[in-house]
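Undergrad: Protein chains in written order, with the working numbering: chain C, 1 to 110; chain V, 1001 to 1841.
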Ligand SMILES: Cc1cc2nc3c(=O)[nH]c(=O)nc-3n(C[C@H](O)[C@H](O)[C@H](O)COP(=O)(O)OP(=O)(O)OC[C@H]3O[C@@H](n4cnc5c(N)ncnc54)[C@H](O)[C@@H]3O)c2cc1C
Ligand code: SF4
Ligand code: FES
């Protein structure tokens, strides 16, 4: 199984599902030079959001820890610990701020 | 036909009036009486005590004291903006300004005070204000909008509060106080001096010992300045009078009720006036002890007393203390009991530090009874001291006011207070009533404690049982220490098992969170050898628990790069090793810095460089310095007996031994240590979690110190130890700390929190009072026996190495946003490349 993100150019394969550790993320370089953070939750569902932490500018969200708030997964930025909902990209600690999200799916390797 | 209900008319809907209504409602008296309230102000009762918080964002609605629907629920008729104008005691009626006539069976006067304005010329000019109501504040705010300078007449409690508000409105502010010091009623000379220094350092101008003679006005009639009693004049465009309050007893006077010589409606211990059908409560009343109380707590007690009396129950109000705690302009000030030491033969205990603006005085009697005190600059102890007033405190009173680390470190917890101690003076609530509740909301609801000035909240928090939710986070109802015990006794090594089996109901089956994951990860890591788990913190599921630092075995820095710190035990390093560090730094373009802990820090490595850097360091014999972990960081040392002419023991050898013994030890907080070769203390051992100072006879062991934001000197735990004794005690100390501390709790705060403090610690780890020591030593022996260098392990395993890439889909590519620019012959992060592209709003 591979993990694919939808970007402007279409579905982009980023890695094998097996290279994701539940509860952790990886960063992926996108064709336009931007970066996505891809995560796997405990139930085996993948998520993808922008990798840049809007509070510090550093591209580090993929290195945060996952958690659960009100039954939804979030990632906590490893720098100043703000939390971002993995489904909506909204920051749970500052409602003015959000990061982008990417549609993501797993597909049998072709 | 049924009898009409007896009628109660309440005049004045201020803080005490509202409290009276609540007291009636609580006792069911609202159902058996018809209640009418006449309110002069355009809004129902609000929290006057927190009036000033209007300027820091509270709205008038936030300040309201009347719960939604309260009047309707209890059938109370409230007439806003319609003050009582006269009382006819024969006809038993009250006439209001709108001309309504209200008959009463019982009349309650709660008319409060009015601010006293000294009769100086110009006092009514536009630009002159008082500070009492929300309407006053609105008017001041409006007027200040176009002005730049303000003055407050009166340097008492309220005056300083008003001055803070003016300053907050952006006015250059001065305070003019007639007495020779600020807050003359509450604090003594020393306290006044500390207060003065602090307030002046905030940019306010203070004139003491002078009165206001005249308010000067300009052509348009508005305020332009003031002439003072020493003949000088000052410029100001706005004047707030805060020169004391006078009871509003006019209605009572006019209707022939007794009033005091200096004002106030005279009442007896049941709050009845000279007419038994009429009560007076709050600031308008002259209590039977001959005092008019300008504080809310005694007013509340009068309200309760009058309500009980109405129902024919026994209750008396015979006086109250004048304790106050405030946060004036951000300065803590508290005074309680006999603050001025007026009791015969009373003695003072004074601690004063003019550098930091701290002044503390306790007044005690010859036989040790605490009578009162003044605290300026640091009023933390107020919550405990006030309830102890009138009794002999269980520890010497000076120990309660000395800063931590100075003097013997006995800490008195609220547990030491007697059940009858009054914890909340605003609502007269005892410790017993508070400990009967389980949670803070419950305390507030059942006892009202904590809902007044809030000065008691800290102590209440300490008194509440576990139900005050000491849980680690939203996922676990347990503290870190409790989780440690669960993990240890059940031999659990999987976070999921722990969360699903012991987490809160709603968190089970979930992801956990960023708070408990690293905490549980650390507990498992510190117990790993004992549990039979892999000590390697990145195996399997453990990998998902670690902070990014632990995950990459390096410290994340602000631009997303990492720093690398090889261990240099005791700070001793060979020239060859120094050269290797230099070469590695040069080859990878890293910034180098000698740290405060005798290490060399290499900054600016990208994720994909880490393995290559470490490969070279490990090759040269270096190990991970655990600078990224909540673990032992460094054991600093001086050169000791070997080189130094003063040294009496080999501090370098000892530092190296200790560092190698405890390297890799995971703890609730990072740990630092140091060893000095003699009492000159060149290694600064007393500012460390555990510090060792050589003596002619061996080693002295100090524990619980730290630098950081709140420095604390370590306490001497044991003296003249042999090498083996020293190591044994440290083993026990560290393991006891790891076992019982909270998440991210330093040894210093842990020690301060430990019930019984240092003495208890000594009992446990020196005298083995809990019979724990063998176990603690065994845990440490396990740790020492199983230590392996994390970097060496990582480099050996290709599977583990796979995570050290910047991009999962481009393993060779470095992260283009991690860039550097030159500074002082080295590099620093190029933050320009990180300018945020604009978050999605
Ligand atoms: C800025 C400020 C800060 C304070 N800080 C503290 C503090 O930290 N701690 C503390 O203990 N105390 C503090 N106080 C004092 C505290 O607010 C009073 O002690 C308390 O409000 C007294 O309550 P009361 O009901 O007696 O009077 P008030 O709250 O003044 O209420 C009296 C009400 O009666 C009304 N009234 C008067 N005459 C009539 C009439 N004829 N008909 C109808 N209504 C009438 C008035 O308009 C007023 O609304 C502070 C006061 C102020 C102004
Ligand atoms: S602490 Fe004593 S032994 Fe160590 S360097 Fe200083 S003076 Fe010398
Ligand atoms: S002491 Fe004021 S709220 Fe408790």
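All C-beta atoms in this analysis are idealised placements derived from N, C-alpha and C, irrespective of residue type, glycine included.
(1) Would you give the residue range spanned by the alpha helix (DSSP H) that residue 1786 of chain V belongs to?
(2) With 16 other CB atoms within 10 Å as the buried threshold, where does residue 1378 of chain V fall?
(3) Just checking residue 1638 of chain V against ligand 2 - is the residue's beta carbon closer than 7 Å to any of the ligand's heavy atoms?
(4) Compute every distance between the C-beta of residue 1781 of chain V and the non-hydrogen atoms of ligand 2, then say whether any falls below 7 Å.
(5) Answer yes or no: does any C-beta atom of chain C fall closer than 8 Å to that of residue 1806 of chain V?
(6) Based on Cα-Cα distance, which residue from V/1049, V/1279, V/1170, V/1148 lies nearest to residue 1010 of chain V?
(7) From residue 1048 of chain V to residue 1006 of chain V, what does the alpha carbon distance come to, in whole angstroms?
(8) How would you call residue 43 of chain C, buried or exposed, if buried means at least 16 neighbouring beta carbons within 10 angstroms?
(9) Please list, in chain order, the chain V residues whose beta carbon lies closer than 9 Å to that of residue 46 of chain C.
(10) Hey, is residue 1547 of chain V's beta-carbon within less than 8 Å of any beta-carbon in chain C?
(11) Which two residues bound the contiguous beta strand (DSSP E) that contains residue 102 of chain C?
(12) Can the beta-carbon of residue 1128 of chain V be found closer than 8 Å to that of residue 1296 of chain V?
(13) Is it a yes or a no for the stretch 1728–1746 of chain V touching the stretch 1663–1680 of chain V, going by three-plus beta-carbon pairs under 8 Å?
(14) Taking C-beta pairs closer than 7 Å, name the residues in chain V that residue 67 of chain C reaches, listed in chain order.
(15) Where does the unbroken beta strand (DSSP E) through residue 1149 of chain V begin, and where does it stop?
(16) I want to check one thing, is the minimum distance from the CB of residue 1673 of chain V to the heavy atoms of ligand 2 below 7 Å?
(17) According to DSSP, simplified to helix, strand and coil, what is residue 5 of chain C?
(18) Assess, as a yes-or-no matter, whether the stretch 1524–1534 of chain V is touched by the stretch 1777–1784 of chain V under the definition of 3 or more beta carbon pairs within less than 8 Å.
(19) What does the alpha-carbon distance come out to for the pair residue 1569 of chain V and residue 1659 of chain V?
(20) Can you say whether residue 1037 of chain V is buried or exposed, counting buried as having 16 or more other CB atoms within 10 angstroms of its CB?
(21) Are the C-beta of residue 1821 of chain V and some C-beta of chain C separated by less than 8 Å?
(22) Measuring alpha carbon to alpha carbon, tell me which residue in V/1663, V/1080, V/1490, V/1004 is nearest residue 1013 of chain V.
(23) Relative to the C-alpha of residue 1180 of chain V, which candidate in V/1383, V/1190, V/1171, V/1264 has its C-alpha closest?
(24) With three or more beta-carbon pairs closer than 8 Å as the criterion, would you say the stretch 1135–1144 of chain V touches the stretch 1164–1172 of chain V?
(25) Kindly examine ligand 1 and report whether one of its heavy atoms sits closer than 7 Å to the Cβ of residue 1044 of chain V.
(26) Given this structure, state the Cα-to-Cα distance separating residue 1372 of chain V from residue 1365 of chain V, to the nearest angstrom.
(27) Entirely within the stretch 1723–1772 of chain V and at least 4 residues each: give me those alpha helix (DSSP H) ranges in chain order.
(28) Out of V/1440, V/1822, V/1111, V/1557, point me to the one whose CA is closest to residue 1015 of chain V's CA.
(29) In the stretch 1471–1499 of chain V, which residues sit with their C-beta less than 7 Å from some C-beta in chain C, listed in chain order?
(30) What is the DSSP secondary structure of residue 47 of chain C, counted as helix, strand or coil?
(31) Does residue 1446 of chain V pass the burial test, meaning 16 or more other C-beta atoms within 10 Å, or should it be called exposed?
(32) Leaving aside the five residues before and after residue 1218 of chain V along the sequence, list all residues of the same chain whose C-beta is less than 6 Å from its C-beta, in chain order.
(33) So what does DSSP say about residue 1046 of chain V, is it helix, strand or coil?
(34) Per DSSP, what kind of secondary structure is residue 1657 of chain V in: helix, strand or coil?
(35) Could you name the residues that DSSP lists as bridge partners for residue 1351 of chain V?
(36) Using a C-beta to C-beta distance shorter than 7 Å, which residues of chain V count as neighbours of residue 23 of chain C?
TA: According to the data block:
(1) Taking the first residue of the second chain as position 1, residue 1786 of chain V is located at position 786. According to the DSSP assignment, residue 1786 of chain V belongs to the alpha helix (DSSP H) that extends over 1773–1786.
(2) Mapped onto the second chain, residue 1378 of chain V falls at position 378. The residue is buried, with at least 16 neighbouring Cβ atoms inside 10 Å.
(3) For the purposes of this step, residue 1638 of chain V is taken as the residue at position 638 of the second chain. Judged by the Cβ position, residue 1638 of chain V qualifies as a neighbour of ligand 2 at the 7 Å threshold, a heavy atom of the ligand being closer than this.
(4) In the second chain, counting from the first residue as 1, residue 1781 of chain V sits at position 781. Not so, every heavy atom of ligand 2 lies at least 7 Å from the Cβ.
(5) As a working note, residue 1806 of chain V is residue 806 in the second chain. Answer yes: the Cβ-Cβ gap between residue 1806 of chain V and chain C drops below 8 Å somewhere.
(6) To locate residue 1010 of chain V, count along the second chain from 1; it is residue 10. Residue V/1279 is the option with its Cα nearest to residue 1010 of chain V.
(7) As a position in the second chain, residue 1048 of chain V is number 48, starting the count at 1. As a position in the second chain, residue 1006 of chain V is number 6, starting the count at 1. The alpha-carbon atoms of residue 1048 of chain V and residue 1006 of chain V are separated by roughly 31 Å.
(8) In the first chain, counting from the first residue as 1, residue 43 of chain C sits at position 43. Residue 43 of chain C comes out exposed.
(9) Taking the first chain and counting its residues from 1, one reaches residue 46 of chain C at position 46. Within chain V, no residue comes near residue 46 of chain C; the closest Cβ sits about 12 Å away, beyond 9 Å.
(10) Mapped onto the second chain, residue 1547 of chain V falls at position 547. It does: the Cβ of residue 1547 of chain V has a partner Cβ on chain C nearer than 8 Å.
(11) Here the question's residue 102 of chain C lines up with position 102 in the first chain. Here residue 102 of chain C belongs to no beta strand (DSSP E), and DSSP marks it neither H nor E.
(12) Reading the second chain from its first residue, position 128 is the one you call residue 1128 of chain V. Reading the second chain from its first residue, position 296 is the one you call residue 1296 of chain V. No, they are not a contact pair.
(13) Per the Cβ contact rule, the stretch 1728–1746 of chain V is in contact with the stretch 1663–1680 of chain V (3 or more Cβ pairs under 8 Å).
(14) By one-based count along the first chain, residue 67 of chain C stands at place 67. Neighbours of residue 67 of chain C on chain V, chain order: 1511, 1512, 1513, 1514.
(15) As a position in the second chain, residue 1149 of chain V is number 149, starting the count at 1. Segment 1149–1153, the beta strand (DSSP E) holding residue 1149 of chain V.
(16) For the purposes of this step, residue 1673 of chain V is identified with residue 673 of the second chain, where counting begins at 1. Flag unset: Cβ of residue 1673 of chain V not near ligand 2.
(17) Numbered from its first residue, the first chain carries residue 5 of chain C at position 5. The answer is strand: DSSP assigns residue 5 of chain C an E or B state.
(18) yes
(19) Your numbering for residue 1569 of chain V matches position 569 in the second chain. Your numbering for residue 1659 of chain V matches position 659 in the second chain. Using only the alpha carbons, I get a separation of about 6 Å.
(20) As a position in the second chain, residue 1037 of chain V is number 37, starting the count at 1. Buried.
(21) Your numbering for residue 1821 of chain V matches position 821 in the second chain. Residue 1821 of chain V does not count as touching chain C.
(22) If you number the second chain from 1, residue 1013 of chain V lands on position 13. It is V/1080 whose Cα lies nearest to the Cα of residue 1013 of chain V.
(23) Indexing the second chain from 1 puts residue 1180 of chain V at position 180. Residue 1180 of chain V has its Cα closest to that of V/1190, out of V/1383, V/1190, V/1171, V/1264.
(24) yes
(25) Counting from 1 along the second chain, the entry for residue 1044 of chain V is found at position 44. It does not: the Cβ of residue 1044 of chain V is nowhere closer than 7 Å to a heavy atom of ligand 1.
(26) The residue given as residue 1372 of chain V occupies position 372 in the second chain. The residue given as residue 1365 of chain V occupies position 365 in the second chain. Using only the alpha carbons, I get a separation of about 10 Å.
(27) 1723–1740, 1747–1753, 1757–1765
(28) The count along the second chain starts at 1 and reaches residue 1015 of chain V at position 15. Answer by Cα proximity: V/1111.
(29) none
(30) Here the question's residue 47 of chain C lines up with position 47 in the first chain. DSSP places residue 47 of chain C in strand when its eight states are reduced to three.
(31) The sequence position of residue 1446 of chain V within the second chain is 446, counting from 1. By the Cβ-count criterion, residue 1446 of chain V is exposed, with fewer than 16 other Cβ atoms from all chains shown falling within 10 Å of its own Cβ.
(32) Position 218 of the second chain, counting from 1, holds the residue named residue 1218 of chain V. Correct list, in chain order: 1224.
(33) Position 46 of the second chain, counting from 1, holds the residue named residue 1046 of chain V. Here residue 1046 of chain V sits in strand by DSSP.
(34) Within the second chain, the letter at position 657 stands for residue 1657 of chain V. Of the three classes helix, strand and coil, the one that applies to residue 1657 of chain V here is helix, per DSSP.
(35) Within the second chain, residue 1351 of chain V is the residue found at index 351, counting from 1. DSSP lists V/1360 as partners of residue 1351 of chain V.
(36) The residue you call residue 23 of chain C lines up with position 23 of the first chain. 1511, 1544, listed in chain order.
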